[in-house]
Amino acid sequence: MSTDQQAALSPQQHEGQISKSTGLAVAGLGLALLGIVRIFYCPLVIGGWSDILVIAGLLLGGLVCGITGLVMSGGKTGKGLSVAAIVLAAAALVVSVVINVLALIFWLFIVDLFQGLRR
């Protein structure tokens, strides 16, 4: 095998450039997926603000890692994972807000209903 063929087969040429952007993209995608699992794990459990903050932290971390991975890729490989992380994290943030607002309205309605029954 000639040196040209070995160089074409060797991933060591771009290893430093690829690992930074795809590492952040994978981290962002992982955080976004963890946030999505956490949202749908048990949405109506009264976990207080700590549960909402954990979900928001995971999703915002996924969004930041995805954006940073996209910026660092600079038109090279790894853009797809970064875009997927950004889209999943942003969509999950919207879904999380909607679910939490609906849960809050539901619990306020239940509290109001029980207070009405006491009278």
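Here the sequence shown is numbered in this note's numbering, starting from 1363 and rising by one per residue. All C-beta atoms, glycine included, are put in the ideal place defined by N, C-alpha and C.
Boundaries (first-last residue) of the alpha helix (DSSP H) holding residue i
i	result
Gly1436	It is not in any alpha helix (DSSP H) - Gly1436 carries neither H nor E in the DSSP assignment.
Residue i, buried or exposed, once every other Cβ within 10 Å from all chains shown has been counted against 16
i	result
Arg1480	exposed
Ala1454	buried
Phe1471	exposed
Val1460	exposed
Ser1435	buried
Leu1475	exposed
Leu1393	buried
Ser1444	buried
Nearest-angstrom beta carbon gap, residue j and residue i [assumed within contact, 8 Å]
i	j	result
Leu1425	Ala1452	6 Å
Ala1465	Cys1427	No, Ala1465 and Cys1427 are not in contact; Cβ-Cβ is about 27 Å, not under 8 Å.
Candidates the options: closest to residue i by CA position
i	options	result
Val1457	Leu1470, Ile1401, Trp1469	Ile1401
Ile1448	Gly1423, Leu1464, Ile1467	Gly1423
Leu1396	Asn1462, Ile1417, Cys1427	Ile1417
Leu1386	Ala1446, Trp1469, Val1473	Ala1446
Ile1429	Trp1469, Thr1384, Ile1414	Thr1384
Residue j beta carbon less than 8 Å from that of residue i
i	j	result
Leu1432	Lys1441	yes
Ile1398	Asn1462	no
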